[in-house]
């Protein structure tokens, strides 16, 4: 069975501090990977996607970066957090290349920037 | 750009009553978009409830139904008789055929079902 694990579950960080969020998918080879973000009271927005190791496409500019160092791992990071980075971050995966594919989401990371 | 609108931020319904959660969309891409309902139950991750990729078709799952109405650009979620276990956050979403797997979500609707 496929599993998706996100870490950490929650973070409280200071403005200007670095951040690293992670996501691991087990049980699927070469998945497409995504990062989504939801600000408090806002909608879920796609931030990044990756169809293969080492390749990441940015969808929304939020002074964040993403990397895919291994086939089953997706990392979201920044060197300096802003207050506006607070929110809920979701990692997701899919298999196919069509727009009709189902996305499978992790449980998310709640980030609070103070 | 593409957008999805859910007009109700929260809906409160008595158990065994009927439910409609409204969803309308705007898609600027060529061709009809794919439409989805995702749900997040308390303590769980976001998961697919149902999807419809053909205009005019109906999707169903767990007693919920949604019909892809391309004339009205709507994809309302309905259930004839809700249960307390249906309490969750429901998100309508679309993906345009020309933009790969980028899901555009609505704001979400919190459904609270009371006994």
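Protein chains in written order, with the working numbering: chain P, 1124 to 1237; chain A, 20 to 134.
Using N, Cα and C, we set each Cβ at its ideal position, and we do this for glycine too.
Computed from a predicted structure; not experimentally measured.
(message) Taking the alpha-carbon of residue 66 of chain A as reference, which of A:109, A:123, A:22, A:134 has the nearest alpha-carbon?
(response) Taking the second chain and counting its residues from 1, one reaches residue 66 of chain A at position 47. Comparing Cα positions, the closest option is A:109.
(request) May I ask you to verify whether the stretch 28-37 of chain A touches the stretch 76-92 of chain A, counting CB pairs closer than 8 Å and requiring at least 3? (result) no
(message) For residue 47 of chain A and residue 1222 of chain P, what's the separation of their Cα atoms in angstroms?
(response) Position 28 of the second chain, counted from the start, is the residue given in the question as residue 47 of chain A. Position 99 of the first chain, counted from the start, is the residue given in the question as residue 1222 of chain P. Residue 47 of chain A and residue 1222 of chain P: Cα-Cα distance of roughly 15 Å.
(request) Please name the residues in the stretch 1170-1204 of chain P whose beta-carbon is closer than 8 Å to at least one beta-carbon of chain A, in chain order. (result) Result list: 1172, 1182.
(request) Compute the distance between the beta-carbons of residue 1190 of chain P and residue 1183 of chain P, then report whether it is under 8 Å. (result) Within the first chain, residue 1190 of chain P is the residue found at index 67, counting from 1. Within the first chain, residue 1183 of chain P is the residue found at index 60, counting from 1. It is not a contact, given that the beta carbons lie outside the stated cut-off.
(message) Buried or exposed for residue 1237 of chain P, going by 16 or more other Cβ atoms inside 10 Å?
(response) For the purposes of this step, residue 1237 of chain P is taken as the residue at position 114 of the first chain. So residue 1237 of chain P ends up on the exposed side.
(request) Could you pull out every residue in the same chain whose Cβ sits closer than 6 Å to the Cβ of residue 76 of chain A, ignoring the five residues on either side in sequence? (result) The residue labelled residue 76 of chain A in the question sits at position 57 within the second chain. Correct list, in chain order: 87.
(message) Tell me which residue opens and which closes the beta strand (DSSP E) that residue 1151 of chain P is part of.
(response) As a working mapping, residue 1151 of chain P is identified with position 28 in the first chain. First-last for residue 1151 of chain P: undefined, no H or E at that position.
(message) Can you list, in chain order, the residues of its chain with a C-beta nearer than 6 Å to that of residue 1159 of chain P? Leave out the 5 residues immediately preceding and following it.
(response) As a working note, residue 1159 of chain P is residue 36 in the first chain. Only 1167, 1169, 1213 meet the Cβ criterion.
(request) List the residues of chain A whose Cβ lies closer than 8 Å to the Cβ of residue 1218 of chain P, in chain order. (result) Counting from 1 along the first chain, the entry for residue 1218 of chain P is found at position 95. Within 8 Å Cβ-Cβ: nothing; residue 1218 of chain P doesn't reach chain A, min ~10 Å.
(request) Taking residue 136 of chain A as the query, report the chain P residues whose CB atoms sit under 8 Å from its CB, ordered along the chain. (result) Residue numbering for chain A in the displayed model covers 20 to 134; residue 136 of chain A lies beyond these limits and cannot be assessed.
(message) Tell me the rounded alpha-carbon separation between residue 68 of chain A and residue 1174 of chain P.
(response) The residue you call residue 68 of chain A lines up with position 49 of the second chain. The residue you call residue 1174 of chain P lines up with position 51 of the first chain. The alpha-carbon atoms of residue 68 of chain A and residue 1174 of chain P are separated by roughly 24 Å.
(request) Decide if the stretch 1224-1237 of chain P is in contact with the stretch 1201-1209 of chain P; the criterion is three or more beta carbon pairs, one per stretch, under 8 Å apart. (result) Using a Cβ-Cβ distance cut-off of 8 Å, the stretch 1224-1237 of chain P and the stretch 1201-1209 of chain P are in contact, since at least three pairs of beta carbons, one from each stretch, lie closer than that value.
(request) Using only alpha-carbon positions, find the residue among A:43, A:40, A:42, A:97 that is nearest to residue 82 of chain A. (result) Against the second chain, residue 82 of chain A aligns to sequence position 63. For residue 82 of chain A, the nearest C-alpha among the options comes from A:97.
(request) With 9 Å as the C-beta to C-beta threshold (strictly closer), list the residues of the stretch 1221-1235 of chain P near chain A in chain order. (result) 1221, 1222, 1223, 1224, 1225, 1226, 1227, 1228, 1229, 1230, 1231
(request) Return yes when at least one heavy atom of the ligand ATP lies under 7 Å from the C-beta of residue 1195 of chain P, else no. (result) Questions concerning the ligand ATP fall outside what the structure shown contains, since it holds no ligand whatsoever.
(request) Out of P:1130, P:1165, P:1124, point me to the one whose CA is closest to residue 1198 of chain P's CA. (result) By 1-based counting over the first chain, the position of residue 1198 of chain P is 75. Comparing Cα-Cα distances from residue 1198 of chain P to each of P:1130, P:1165, P:1124, the minimum goes to P:1130.
(message) Which residue marks the beginning of the beta strand (DSSP E) containing residue 1128 of chain P, and which one marks its end?
(response) Position 5 of the first chain, counted from the first residue, corresponds to residue 1128 of chain P. Looking at the DSSP string, the run of the beta strand (DSSP E) that includes residue 1128 of chain P is 1126-1130.
(request) Count the other C-beta atoms from every protein chain shown that fall within 10 angstroms of the C-beta of residue 1154 of chain P, then say buried if there are 16 or more, exposed otherwise. (result) Position 31 of the first chain, counted from the first residue, corresponds to residue 1154 of chain P. It counts as buried.
(request) Pick helix, strand or coil for residue 65 of chain A, following the three-state DSSP scheme. (result) Start at 1 with the first residue of the second chain, and residue 65 of chain A comes out as number 46. In the structure shown, residue 65 of chain A sits in coil (DSSP, three-state: anything other than H, G, I, E or B).
(request) Kindly say whether residue 1213 of chain P, judged by its beta-carbon, lies nearer than 8 Å to any beta-carbon of chain A. (result) For the purposes of this step, residue 1213 of chain P is taken as residue 90 along the first chain, with counting starting at 1. Taking Cβ atoms only, chain A reaches closer than 8 Å to residue 1213 of chain P, which makes this a yes.
(message) Since residue 43 of chain A and residue 24 of chain A should fall inside the 8 Å C-beta cutoff, what is the C-beta to C-beta distance between them, to a whole number of angstroms?
(response) As a working note, residue 43 of chain A is residue 24 in the second chain. As a working note, residue 24 of chain A is residue 5 in the second chain. Right, the Cβ-Cβ distance comes to about 5 Å (below 8 Å), so this counts as a contact.
(message) On the criterion of 16 or more Cβ atoms from any shown chain inside 10 Å, does residue 1148 of chain P qualify as buried, or is it exposed?
(response) One-based indexing of the first chain puts residue 1148 of chain P at position 25. So residue 1148 of chain P counts as buried.
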